[in-house]
Each structure stands twice: as structure tokens, then as C-alpha cells.
Amino acid sequence: MNAETRPLVEAVNLHKHFHGVDVLKGIDMTVAEGEVVCLLGPSGSGKTTFLRCINQLEIFDGGRLYVDGDLLGLRESGGSLHRLSEKHIAQQRRQIGMVFQRFNLFPHKTALDNVIEGPVQVGGVSKKQARIEAGELLERVGLSERADHYPAQLSGGQQQRVAIARALAMKPKLMLFDEPTSALDPELVGEVLAVMRELADDGMTMVVVTHEIAFAREVADRVVFMDGGVVVEEGKPADVIRNPQHERTKTFLSRIIAEQEQHAAAAAELVKPPE
Amino acid sequence: MAEQTVSEKPAATERPGKVEARPVRHPWQWVGVVVIAILAAMMINSFVTNSKWDWHFVWRVMEYRPVLEGLVKGTIICTLGAMVVGIVLGITLAVMRLSTNPVLRGVAFVFTWFFRAVPRYVLLVVLGVGVLYLYPKLDFGLPFTDVHFYTLDVKSVSSGILVGIIGLGLSEAAYMAEIARAGLLSVDTGQHEAASAIGMSRGKAMRRIILPQAMRVIVPPTGNETIAMVKDTSLLSAVPVTTELFFQANAVANSTYLVMPALVAAVIWYLIVCSILMVGQTMLERYFGRGFGGQTGGNKQSWRGRMLSLRAGGGGM
Numbered sequence: 000m001n002a003e004t005r006p007l008v009e010a011v012n013l014h015k016h017f018h019g020v021d022v023l024k025g026i027d028m029t030v031a032e033g034e035v036v037c038l039l040g041p042s043g044s045g046k047t048t049f050l051r052c053i054n055q056l057e058i059f060d061g062g063r064l065y066v067d068g069d070l071l072g073l074r075e076s077g078g079s080l081h082r083l084s085e086k087h088i089a090q091q092r093r094q095i096g097m098v099f100q101r102f103n104l105f106p107h108k109t110a111l112d113n114v115i116e117g118p119v120q121v122g123g124v125s126k127k128q129a130r131i132e133a134g135e136l137l138e139r140v141g142l143s144e145r146a147d148h149y150p151a152q153l154s155g156g157q158q159q160r161v162a163i164a165r166a167l168a169m170k171p172k173l174m175l176f177d178e179p180t181s182a183l184d185p186e187l188v189g190e191v192l193a194v195m196r197e198l199a200d201d202g203m204t205m206v207v208v209t210h211e212i213a214f215a216r217e218v219a220d221r222v223v224f225m226d227g228g229v230v231v232e233e234g235k236p237a238d239v240i241r242n243p244q245h246e247r248t249k250t251f252l253s254r255i256i257a258e259q260e261q262h263a264a265a266a267a268e269l270v271k272p273p274e
Numbered sequence: 000m001a002e003q004t005v006s007e008k009p010a011a012t013e014r015p016g017k018v019e020a021r022p023v024r025h026p027w028q029w030v031g032v033v034v035i036a037i038l039a040a041m042m043i044n045s046f047v048t049n050s051k052w053d054w055h056f057v058w059r060v061m062e063y064r065p066v067l068e069g070l071v072k073g074t075i076i077c078t079l080g081a082m083v084v085g086i087v088l089g090i091t092l093a094v095m096r097l098s099t100n101p102v103l104r105g106v107a108f109v110f111t112w113f114f115r116a117v118p119r120y121v122l123l124v125v126l127g128v129g130v131l132y133l134y135p136k137l138d139f140g141l142p143f144t145d146v147h148f149y150t151l152d153v154k155s156v157s158s159g160i161l162v163g164i165i166g167l168g169l170s171e172a173a174y175m176a177e178i179a180r181a182g183l184l185s186v187d188t189g190q191h192e193a194a195s196a197i198g199m200s201r202g203k204a205m206r207r208i209i210l211p212q213a214m215r216v217i218v219p220p221t222g223n224e225t226i227a228m229v230k231d232t233s234l235l236s237a238v239p240v241t242t243e244l245f246f247q248a249n250a251v252a253n254s255t256y257l258v259m260p261a262l263v264a265a266v267i268w269y270l271i272v273c274s275i276l277m278v279g280q281t282m283l284e285r286y287f288g289r290g291f292g293g294q295t296g297g298n299k300q301s302w303r304g305r306m307l308s309l310r311a312g313g314g315g316m
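In the order they appear, the protein sequences are chains Y and E.
Residue numbers for the first sequence follow numbering that gives the first Met the number 0, beginning at 0 and rising by one.
Residue numbers for the second sequence follow numbering that gives the first Met the number 0, beginning at 0 and rising by one.
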């Protein structure tokens with residue numbers, strides 16, 4: 000295995016159930032370093048749960064999950080498994096950045112303070128250094144002038160870009176995106192996707208749960224289609240999206256593509272100059 | 000073409016402009032103002048003309064040294080002390096109640112259950128009289144052995160303000176625990192997740208992210224509790240504590256037979272202390288409301304707005 004294709008995320012037979020309902024029924028998946036993987040699938044397919052397992056916001060019940068070779072949440076010693084302490088779990092999380100559907104910025108802190116919170120409080124970076132780096136990150140997401148604004152004073156798209164900068168401030172090896180544009184007004188989706196696209200171009204390893212088929216087609220190295228807690232189909236975006244092999248993938252894609260084309264047509268209608 | 004522009008121009012000037020409408024009249028509001036003004040004038044008149052009010056004596060009681068001492072030591076210091084105990088212990092209890100550890104949850108529940116059930120007056124009597132009777136000395140050391148590091152003579156502190164602070168503080172903690180718990184629960188779960196996602200421990204997330212946001216919900220009822228505590232310090236005579244505002248004012252009343260002026264002096268002091276606390280509360284609310292679009296900071300503005308609209312005869316009260 001050469002260094003470039005080293006698996007950064009490796010899920011083996013991953014199981015998760017909530018109150019007796021199986022949400023993940025044996026997921027096997029690897030994400031190579033530098034790869035961008037989009038998880039597609041209808042709601043309730045387990046894609047968000049899988050993403051949350053990678054960041055240990057959910058604790059898996061079966062199988063194993065490795066990030067950069069580390070077994071997540073567990074330690075094997077003397078032939079038995081032990082749960083990791085909260086401190087160790089926090090350490091494992093530091094190498095993973097996460098962006099949430101509802102942004103989850105800290106509302107009592109300005110954009111800049113949101114970004115420096117992690118490095119200063121957890122990373123042990125000096126406040127001065129963190130401010131410099133946060134300034135650069137905010138510039139990268141195009142929000143230098145908004146550094147002193149509170150989240151409530153920012154649009155949804157701007158908030159989500161600050162959230163991306165906040166996650167990047169911890170210098171993660173892996174970025175997780177949980178439907179990052181689903182809570183946004185349609186006209187604000189583009190700016191967030193643009194930032195993500197740039198991040199992908201810079202070689203960041205990304206796992207993205209999304210319904211943006213166009214984004215998946217253009218940016219992803221691989222798409223994974225999930226339904227009912229299992230991986231139904233995966234492959235190059237062009238293959239899976241243009242030529243799905245499974246019936247469930249076909250149904251889902253035709254429905255969602257029709258929806259998005261409808262939106263696009265409606266938007267085109269709106270911007271068309273009046274007769 | 001030229002014709003068209005000519006015919007359009009007057010139309011443009013006829014387009015509706017700035018709204019200059021008369022506000023809705025509220026004649027009954029003015030009737031109310033007049034009635035209240037008459038009542039207020041009657042009251043002030045009686046204050047001035049009825050010599051039994053004896054304002055000169057009220058003023059003397061207010062600045063009488065034992066009364067002032069009671070105000071500072073018994074009322075103000077006790078309020079502050081009891082609230083510090085209550086807030087710190089209350090927030091600790093609230094965090095315990097929401098902990099995943101069943102032992103902590105149980106302890107917090109039993110504490111709250113007990114101190115909410117016992118009336119403050121009874122609690123103060125029990126602490127002031129009962130504890131002294133049961134445990135005249137408190138030994139700190141290894142349990143069930145004769146090893147003592149420190150012995151506290153309960154009698155020396157029992158009659159003091161310390162018992163009052165502890166008693167009122169413990170009772171207050173039970174109420175503050177519920178207030179703090181509501182505050183902590185009001186913070187979105189996404190905030191816990193975002194804090195853990197940047198690698199924060201649960202304790203740090205609580206201190207840096209959750210509590211500051213919970214404070215926005217906790218501060219207003221805490222201000223209320225503080226003001227209630229000012230008044231509850233008048234229960235301190237149960238301990239008994241004598242250096243306390245009401246006790247001292249009452250003592251003046253009993254020894255001079257000028258009951259009303261002495262009690263009015265106490266009332267005025269309570270009014271002054273509570274007014275100052277209300278200002279402090281507004282400032283705290285503004286601080287913890289930052290980033291939330293000044294919902295709490297807007298109070299002053301809306302108050303001013305109401306006053307203005309009253310003056311203009313408008314307003315929707």
C-alpha cells in the first residue's frame with residue numbers, strides 16, 4: 000500500500016442500533032487520504048449516523064471503525080476490549096473536523112472567537128497566534144470583514160462558512176460534512192459549496208453527506224449510495240449517478256435529480272428578463 | 000413618445016407619498032392618567048399634612064446607627080452571601096442532576112427535595128437552635144476514630160450571621176438548582192456536539208460554551224431570587240440574628256412607640272436596595288444577552304417607547 004492511498008477511514012462491519020431499531024447493518028467502507036467521498040441516500044438510510052460514528056457523536060455497537068489507523072472509542076488489551084475515557088475520545092476527535100447541518104456556531108462568540116476557541120482552549124495555541132491563523136481562515140472562506148460579527152448577524156451561508164473555518168482551525172486530517180447546505184436558502188447554497196470545492200482541490204480528505212447531486216458529480220472522487228443501513232452501491236460519480244446498477248439507486252436518483260432540475264428550471268425562469 | 004412622458008409625469012407626482020396619518024386616539028388612557036394623578040395628589044397631601052407620618056423621625060431612624068449596621072450586615076451581606084452559596088451550589092446541583100452518573104443525580108435530587116420542602120423560617124430556627132443543641136462541637140477528622148484535625152465550636156458561630164447565610168444559601172440552592180437546570184436544558188444539543196467536535200472535554204464545554212449561553216436564561220429569574228432574598232433576610236431573627244434591618248427598625252418602634260415611622264424607614268431602605276439590584280440585573284442581562292440580537296437589551300428602549308407613546312396620546316396599552 001503506498002502512502003497516497005493509505006486508508007484514512009476504515010469501517011469494518013459497522014453496526015448501530017437505536018432502541019432496538021437497526022440503523023447501520025454492517026457498513027464496510029474505506030476512505031483514502033485525500034479522497035472526497037459523497038454519501039447519498041434517502042433520509043433514514045443511515046448516512047448521517049455513519050458520519051456521526053466517525054466523530055464519535057454516536058457510539059457504534061458492532062464492528063470496528065479506524066481513523067488513521069486508530070481504533071475509535073476502544074482499546075484492545077489482554078485480549079479484551081475496553082472503552083476509552085472521555086479524554087482519549089476528545090483527543091481522537093481533534094484530528095477530525097465536523098460541519099453540521101444547522102451550523103452550530105457558538106452564538107455568544109463572534110465569528111473570530113468561534114474560530115479561535117478550539118485552537119486556544121484545546122490545541123494549546125497562543126491567543127495571538129490563533130488570531131492570525133483564524134484571520135487567514137476567515138479570509139479563505141471570504142469573511143474577513145465579518146470577523147467581529149456575532150452568528151445572529153450573519154446569513155446562513157456565512158454562518159456555515161465560519162463553521163467550516165472553525166473546523167479547519169484545528170488542522171484536521173479529515174473533514175466531515177453533515178448535509179452542510181440543507182438548512183440554507185437556495186441562493187446561499189453556492190457560496191458554501193464553492194468553499195468546499197476549494198477545500199477538496201487543496202487535497203483535504205472529505206466525507207460529505209449531501210443531496211447536492213451536481214456537487215457530488217463534480218467534486219467527489221467516489222460516491223457511496225446507502226439505503227436501509229447498508230451500502231447499496233459505490234463507485235465513480237459518473238458511473239453511479241449516470242448509470243446506477245441497483246433499482247433503489249435508480250429510484251432515488253431519478254426522484255432527486257428531477258427535483259433539482261425542477262428547482263434549476265424555476266430559478267432560470269426567475270432570472271429570465273421579462274418579455 | 001413625448002406625449003406619453005408628459006401624461007406620465009403628473010401620475011408620478013400623484014403616487015402615494017409619506018404616510019402622515021393621525022395616531023389612534025386613546026381617550027380612556029387620559030382618563031386613567033387623571034384618576035391616578037388625583038389619587039397620587041391625595042396621598043402626597045396626606046403624607047405632608049398628617050403629622051403622624053413624622054417624616055423627620057423616619058429619616059432619623061433610617062440613619063440611626065444600629066439600623067444602618069443591620070442593613071449592611073444583616074440584610075446586604077447576608078443577601079450577597081446566601082446568593083453566592085445558592086448560585087454556586089445550585090449550578091453544581093443542576094450539573095449533577097444532568098450528569099450521566101446516577102449517584103450524582105440521586106444526591107442532587109434528594110438535596111433539592113429536602114430543602115424545597117422545609118420552610119425557610121423553620122430551617123433557620125433548626126439551624127440556629129437545633130444544631131447547637133445536637134452538636135455543640137463539630138470535629139473534622141477521620142470518621143469513627145479519635146483523630147481530629149480541627150474542632151469547630153458551633154456555639155461561637157451559631158448565633159452569628161454565618162448560620163443565616165448557610166441556612167438561606169442552602170434553601171436558595173434548591174431553587175437555583177431548578178433555575179440553572181432549566182437554563183442548561185435551554186441550550187441546543189448542537190452546542191454540545193459542536194464543542195465536542197472541536198475536541199473539548201465535557202467539563203470545558205460546560206464552562207466555555209454551555210453555561211455562558213444558559214446564563215441568558217438563568218440571570219432574569221436569579222435577579223428575582225436575589226430581590227426575594229433581600230426580603231427573606233428579615234427572617235434572620237429566627238436564628239436569632241439581631242443585626243438585621245427589620246429587627247432593628249422594629250426595636251426602634253417598640254422602644255419609641257413610633258411604630259409607623261420606624262417601619263416606614265425599613266420599607267424605604269428595602270425599596271432602595273431592591274432598586275439598586277434591579278439596575279444591576281438589567282446590566283447583567285445585557286451582558287449575557289450578547290449575540291442574541293439584544294432581545295434583553297431592548298427592554299429600556301421599549302420602556303422609553305411606551306413612555307413616549309403615552310405622552311403622545313398614542314401607544315397601545
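Where is the CB? At the ideal position from N, CA and C, for every residue including glycine.
Since the structure is predicted, the reported quantities are computational estimates derived from the model, not experimental observations.
Residue i: contacting residues in chain E (beta-carbon distance under 8 Å)
i, result
"Y/LYS86", "SER200"
"Y/MET317", "Missing from the structure shown is residue 317 of chain Y; chain Y here goes from 0 to 274 and no further."
"Y/LYS139", "Looking at the sequence itself, residue 139 of chain Y is Arg, so the reference to Lys does not match. The premise fails here: Y/ARG139 is roughly 18 Å from chain E at the closest Cβ pair, so nothing lies under 8 Å."
Contact belief for residue i with residue j at Cβ below 8 Å, rounded distance in angstroms
i, j, result
"Y/LEU7", "Y/PHE59", "Wrong, their Cβ atoms sit about 18 Å apart, outside the cutoff."
"Y/LEU23", "Y/THR48", "6 Å"
"Y/GLU34", "Y/THR204", "6 Å"
"Y/LEU73", "Y/PHE224", "About 28 Å; that fails the 8 Å criterion."
"E/VAL66", "E/LEU244", "7 Å"
"E/HIS191", "E/ILE209", "7 Å"
"Y/ALA110", "Y/LEU64", "No, Y/ALA110 and Y/LEU64 are not in contact; Cβ-Cβ is about 33 Å, not under 8 Å."
"E/PRO260", "E/VAL60", "6 Å"
"E/PHE246", "E/GLY69", "6 Å"
Inter-residue spacing [alpha-carbon to alpha-carbon] between residue i and residue j
i, j, result
"E/TYR269", "E/GLU284", "22 Å"
"E/PHE291", "Y/HIS148", "11 Å"
"E/ILE90", "E/ARG180", "8 Å"
"E/GLY127", "E/GLN280", "31 Å"
"Y/ALA129", "Y/VAL119", "7 Å"
"Y/ARG51", "Y/GLU57", "6 Å"
"E/PRO22", "E/VAL30", "18 Å"
"Y/ASN1", "Y/THR209", "A caution first: Y/ASN1 carries a pLDDT of 44, below 50, which makes its placement in the model too unreliable to give a value."
"Y/HIS81", "Y/GLU246", "41 Å"
"E/GLU62", "E/ALA107", "44 Å"
"Y/GLY123", "E/GLY168", "38 Å"
"Y/ALA199", "Y/GLY156", "18 Å"
"E/ASP152", "E/PRO135", "7 Å"
"Y/ARG93", "Y/ALA151", "27 Å"
"Y/GLN159", "E/THR99", "31 Å"
"E/ILE43", "E/ILE160", "38 Å"
beta-carbon residue i near the ligand MG non-hydrogen atom, thresh 6 Å
i, result
"Y/HIS210", "In terms of ligand content, the structure shown is empty, and the ligand MG therefore cannot be addressed."
CB contact below 7 Å: residue i versus chain Y
i, result
"E/PRO211", "yes"
"E/ALA181", "no"
"E/ILE208", "yes"
"E/GLY129", "no"
"E/GLY189", "yes"
Proximal chain Y residues relative to residue i, where beta-carbon distance stays under 9 Å
i, result
"E/VAL192", "A small correction: the amino acid at residue 192 of chain E is Glu; Val does not occupy that position in the sequence shown. Result: ARG51, ASN54, LEU56, MET97, PHE99 and ASN103."
"E/LYS230", "Simply none; closest approach about 32 Å."
"E/ARG290", "The question names Arg, but residue 290 of chain E in the sequence shown is Gly. Simply PHE105, PRO106, HIS107, LYS108, THR109, TYR149, PRO150, ALA151 and GLN152."
"E/LYS51", "Simply none; closest approach about 54 Å."
Cutoff 7 Å: residue i Cβ touching any chain E Cβ
i, result
"Y/TYR149", "yes"
"Y/ARG130", "no"
"Y/VAL121", "yes"
"Y/ALA89", "yes"
"Y/ARG196", "no"
"Y/ARG160", "no"
"Y/ARG74", "no"
"Y/ARG82", "no"
Beta-carbon neighbours of residue i, restricted to chain Y and to distances below 8 Å
i, result
"E/ARG104", "Residues of chain Y passing the Cβ test: none, with the nearest at roughly 18 Å."
Cross-chain neighbours of residue i in chain E, by beta carbon under 7 Å
i, result
"Y/GLY117", "ILE197 and GLY198"
"Y/ARG145", "Correct list: empty, because the minimum Cβ distance to chain E is about 14 Å."
"Y/ARG93", "GLY198"
"Y/ARG63", "In chain order: nothing, as chain E lies at least about 21 Å away."
Within chain Y, partners of residue i - CB distance below 7 Å
i, result
"E/LYS72", "By Cβ distance, chain Y contributes nothing, its closest Cβ being about 37 Å from E/LYS72, past 7 Å."
"E/LYS203", "GLN120"
Given 8 Å as the limit, is there contact between the stretch 209-223 of chain E and the stretch 117-131 of chain E, that is, 3 or more CB pairs closer than that?
No, the stretch 209-223 of chain E does not touch the stretch 117-131 of chain E.
So does the stretch 188-208 of chain E actually touch the stretch 73-91 of chain E, counting three or more Cβ pairs closer than 8 Å?
They do not touch, by the three-pair rule.
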